[in-house]
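Residue numbers (the numbering used here): 176 to 527.
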């Protein structure tokens, strides 16, 4: 739970944030519990790439910013509408030292949800910020690796299986490159992998907008076998952490173990640049991807997806066991790649 200081509720004012982005980001940069996903620029990315509206809340104590809650309004006639912190990202949520601000930020968020006639309010917290009991989704966690000072000690943290697969990829002669100029190659592998998963892919415009706003903080890692693109990963660095956020590995090349080599390359670069942590991103707790991250030595951190406003009483989510959902996945996998790249972004921007 977030450590919070007690002050009178009447002293705190909650309002839509209308100050400069620098004021917001200055608060985020110095707060010990803030993450990459709290940065102001994500709201700009969502607006420019998807047309969604940012509704950022600030908590003020005597006109000083003492708490934030970034929210994005996602409207969809097909899938329903929601107010989320933060959609398309691993988490977001409240950031404050004041427990009264937590309560009031939630109250204001519920007011916004009702005013915008959404189906639910979803707050994706890395830490549980309040003692109030809301319906909460607990199936997911993020996996964070504490980095050693050197590569030799880091390798000792990995399981033997992980070290062996890294060596196997190296023996196959894979080549890893990193740079903003590789965004198209990143998307080539990513879009193929999403099609094979049966998942509508995020549009290339989204990733170009991410690069526009995060610039040198981003890393596009691509693995090659001769001239073939066999895997890719996108990272963004903030404070003492490198975040591995998106990646893709086409099925026909998976035997080459590019996912292991790319993760190792990200870790090596993070060590070289003196970062302390590498966040491997979220996965369902009982899943193969979660095990992959554990085998690198990652520590599991529970995610708390809370629903303070949920008129239906039913937590949202696409159930893979649903027959209609399984059929949709099967059909999507069979579509031509060009079609999924064209249609996927239209669908995915409505699926936060």
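Built from N, CA and C at the ideal position, the CB exists for glycine as well.
| Query | Result |
| --- | --- |
| DSSP three-state label for residue 178, please. | Any reading at residue 178 needs caution, since the residue's pLDDT is 49, under 50, leaving its predicted position unreliable; the model's value is listed next. Note: residue 178 maps to coil in three-state DSSP. |
| Report the rounded CA-to-CA distance for residue 507 versus residue 239, giving the unit in angstroms. | 50 Å |
| One question on the structure: do residue 254 and residue 489 come within less than 8 Å of each other, judged by their Cβ atoms? | no |
| Do you know how far the Cα of residue 417 is from the Cα of residue 518? | 31 Å |
| Is it right to say residue 501 is buried, meaning 16 or more other beta carbons lie within 10 angstroms of its own, or is it exposed? | exposed |
| Taking all protein chains shown into account, decide if residue 425 is buried (16 or more other Cβ within 10 angstroms of its Cβ) or exposed. | buried |
| In angstroms, rounded to a whole number, what distance separates the CA positions of residue 469 and residue 318? | 7 Å |
| Could you give the DSSP three-state label for residue 323: helix, strand or coil? | coil |
| List the DSSP bridge partners of residue 465. | Answer by DSSP bridge pairing: none, since residue 465 is not bridged. |
| Are at least three pairs of beta-carbons, each pair with one atom in the segment 249-268 and one in the segment 294-307, less than 8 Å apart? | yes |
| In angstroms with no decimal places, state the Cα-to-Cα distance between residue 491 and residue 346. | 45 Å |
| Any idea what DSSP makes of residue 517, helix, strand or coil? | helix |
| Contact check, residue 408 vs residue 422 under 8 Å by CB: the rounded distance? | 4 Å |
| Rounded to the nearest angstrom, what separates residue 419 and residue 454 at their Cα positions? | 6 Å |
| Shortest alpha-carbon distance to residue 504 belongs to which of 191, 374, 217, 364? | 374 |
| Can you say whether residue 267 is buried or exposed, counting buried as having 16 or more other CB atoms within 10 angstroms of its CB? | buried |
| Please look up how many angstroms separate the CB atoms of residue 322 and residue 436, rounded, as I've assumed it's under 8 Å. | Not quite, the Cβ-Cβ distance comes to about 18 Å (not below 8 Å), so this is no contact. |
| Give a yes or no on whether the C-beta atoms belonging to residue 246 and residue 187 are separated by under 8 Å. | no |
| Does the separation of the CB atoms of residue 528 and residue 269 fall below 8 Å? | In this structure the chain extends from 176 to 527, so residue 528 is not present and cannot be described. |
| Could you name the residues of the same chain whose beta carbon sits closer than 6 Å to that of residue 428, not counting the 5 residues immediately before and after it, in chain order? | 405 |
| State buried or exposed for residue 509, treating a residue as buried only when at least 16 other CB atoms are found within 10 Å of its CB. | exposed |
| Pairs of beta-carbons, one from the segment 201-208 and one from the segment 357-374, closer than 8 Å: are there three or more? | no |
| Nearest to residue 478 by alpha carbon, out of 258, 396, 458, 231? | 458 |
| Identify which residue in 438, 499, 483 has its Cα closest to the Cα of residue 277. | 483 |
| Just to confirm, is the Cβ distance from residue 330 to residue 283 under 8 Å? | no |
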